[in-house]
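Some notes on the structure that comes next.
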Amino acid sequence: MAFYHRMGEVPQKRHTTFYKPDGELYREQVMGTKGFSGIQSILYHHNPPTQVRETRKYADVRLELVEQADLKHQHFKTFDLPPGGDPIFGRRYLLGNSDVVMGVCSPTEPMDYFYRNADGDEVVFVHEGEGELQTIFGTIAYRPGDYLVIPIGTTYRIVPAVQSRFLVIESQNEIVAPKRYRNEHGQLLEHSPFCERDIRVPEKLVTHVESGDFEVRVKRQSVVYSYFFDFHPFDVVGWDGYLYPYALSIHDFEPITGRIHQPPPVHQTFAGQNFVICSFVPRLYDYHPQAIPAPYYHSNVESDEVLYYVDGNFMSRKGVYEGSITLHPMGIPHGPHPGKVEASIGKKETKELAVMLDTFQPLYVTKEALAVEDEAYMSSWLPSE
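Now the structure itself:
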């Protein structure tokens with residue numbers, strides 16, 4: 039979400055001398071996207087960020103995607119995956135393609151290192167739990183319902199205060215607000231379902247000056263490398279610009295409703311390259327006297343639709359649960375389960391809460407996803423006997 043923000047101490051003019059109290063220079067770092075033509079921020083460090091003591095390969099994290107024998111709707115019960123690992127290496131990836139991957143994480147171990155994704159932006163949706171997203175730009179407290187948007191190249195760690203559960207979407211490019219919500223200056227327009235007041239930027243900047251042994255793990259082209267520093271990576275005394283992490287709560291997304299059923303684009307929250315992220319939130323139903331609130335049957339002829347069920351009773355589905363992920367692939371129609379259309383008529387509102395990922399290139403599933411698949415899902419549209 040590109041609007042100017044500033045934290046800590048910065049000099050009056052960029053690219054000019056800026057001294058510590060002891061007379062030594064702070065080290066200026068320009069961090070930007072698309073070379074020097076995208077959004078950027080300028081950070082001021084106690085130490086040169088290039089001062090690396092040691093580097094080595096840590097792990098290959100390429101996904102093991104599977105070619106499937108048939109084309110079908112699928113349902114994955116993510117709560118059947120056991121918790122474990124830390125907020126990065128505890129991620130269980132379920133779906134992916136060359137643009138984006140989706141996974142879940144319920145960590146039980148702390149991060150004793152820092153992490154940087156150099157492949158693209160991330161969105162971490164907080165299903166359960168509270169804690170902090172600690173970054174080089176400062177700290178954001180998280181709570182259930184938060185989307186944590188972490189730009190490419192951001193050094194960070196996630197520190198849960200209580201047991202947490204996350205949905206993770208990792209892009210190979212930037213994740214932004216949809217263009218139709220913004221004017222030519224980037225400001226969110228009046229018809230946008232959220233505005234800048236809903237964006238939570240880093241709340242505090244804590245500058246660390248301690249020496250020691252600090253590891254930053256950097257992912258690049260699906261390989262993770264370890265970088266070791268003699269100083270804490272959060273040594274920034276101040277920064278300003280348009281590039282930084284932020285939080286947006288799904289509970290601050292204002293639904294767009296109408297007299298008849300509104301199509302999924304009204305729920306769009308973020309846009310990536312060849313995918314969108316949408317939020318289904320509690321809302322009033324359609325108010326035409328003959329309206330059918332349940333969605334019509336439709337064919338995804340050019341997109342795969344993924345729904346992650348967070349809470350409530352999803353009006354068009356049966357047999358899905360909290361933490362369920364459904365995949366409705368392009369090429370075959372999908373829609374309400376038997377009885378759901380009739381049951382929706384005359385209803386006034388829905389209490390559902392879900393996150394949707396629509397991709398415009400086919401998604402592949404992983405072996406981990408198949409391990410928690412509900413094999414009966416494709417036949418769940420058959421009439422009940």
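Here the sequence shown is numbered in the numbering used here, starting from 39 and rising by one per residue.
Think of the CB as a built atom: it goes at the ideal place given N, C-alpha and C, for glycine as much as any other residue.
Going by other Cβ atoms of all chains shown within 10 Å of its Cβ, with 16 needed for buried, is residue i buried or exposed?
| i | result |
| --- | --- |
| F163 | buried |
| I80 | buried |
| K257 | buried |
| E423 | Legend: pLDDT at E423 = 47, less than 50; position of this residue unreliable, no value from coordinates given. |
| N135 | buried |
| I190 | buried |
| G169 | buried |
| Q112 | buried |
| L109 | exposed |
| S209 | buried |
| R52 | exposed |
| G183 | buried |
Output needed for residue i: all residues of its chain with C-beta closer than 6 Å, excluding positions within five of it in sequence on either side, in chain order.
| i | result |
| --- | --- |
| Y185 | V161, F163, L286 |
| L401 | L133, N135, D342 |
| P198 | G167, G169 |
| M394 | C316, L345 |
| V200 | G167, E168 |
| K389 | P320, G350 |
Would you call the CB atoms of residue i and residue j closer than 9 Å?
| i | j | result |
| --- | --- | --- |
| P87 | G123 | no |
| G350 | P320 | yes |
| G61 | T245 | no |
| H299 | I330 | yes |
| M140 | V314 | no |
| I174 | P271 | yes |
| I288 | S317 | yes |
| F308 | I213 | yes |
| R94 | Y263 | yes |
| G276 | H43 | no |
| G369 | Y347 | no |
| V358 | Y284 | no |
| P231 | P293 | yes |
I believe residue i touches residue j by the beta-carbon criterion, under 8 Å. Please report the beta-carbon distance rounded to the nearest angstrom.
| i | j | result |
| --- | --- | --- |
| G310 | V138 | 6 Å |
| P121 | M149 | With 8 Å as the limit, P121 and M149 do not qualify as a contact, their Cβ atoms being about 15 Å apart. |
| F267 | Q106 | Incorrect: roughly 44 Å between the Cβ atoms, too far for contact. |
| T177 | P240 | 6 Å |
| Y96 | V254 | With 8 Å as the limit, Y96 and V254 do not qualify as a contact, their Cβ atoms being about 10 Å apart. |
| K115 | D412 | 6 Å |
Could you give the residue range of the alpha helix (DSSP H) that holds residue i?
| i | result |
| --- | --- |
| L408 | 405–409 |
Between which two residues does the beta strand (DSSP E) containing residue i stretch?
| i | result |
| --- | --- |
| E380 | Where E380 is concerned, there is no enclosing beta strand (DSSP E), although the alpha helix (DSSP H) it sits in stretches over 378–382. |
| I196 | 193–198 |
| C233 | Run containing C233: none; DSSP gives neither H nor E here. |
| A392 | 391–397 |
| N155 | 152–155 |
| R173 | Per the sequence presented here, residue 173 reads as Thr, with Arg not at that position. Its beta strand (DSSP E) spans residues 169–173. |
| K285 | The residue you asked about is not Lys; residue 285 is Ala in the sequence shown. Start and end: 284–287. |
| L420 | It is not in any beta strand (DSSP E) - L420 carries neither H nor E in the DSSP assignment. |
Residues in its own chain within less than 8 Å of residue i by CB, not counting five upstream and five downstream?
| i | result |
| --- | --- |
| H336 | P371, H372, G373 |
| E406 | L119, R130, Y131, L132 |
| L63 | T55, F56, Y57 |
| T397 | N135, D137, V138, N312, F313, S341, D342, V344 |
| L103 | G134, Y402, V403, T404 |
| S260 | D98, V99, R100, L101, D157 |
| R154 | G191, T192, T193, Y194, V254, R255, V256, K257 |
| V5 | Residue 5 falls outside the range modelled here, since the chain spans only 39 to 423, and no answer is possible. |
Spatial neighbours of residue i within its chain, please: CB distance less than 7 Å, with the 5 preceding and 5 following residues excluded, ordered by chain position.
| i | result |
| --- | --- |
| N85 | R65, F269, D273 |
| K242 | G176, T177 |
| N221 | L227 |
| A40 | I77, G224, Y280 |
| S249 | D268, F269 |
Residue i: beta carbon under 8 Å from a heavy atom of the ligand SAH?
| i | result |
| --- | --- |
| G128 | Of ligands this structure carries none, so the ligand SAH is not represented either. |
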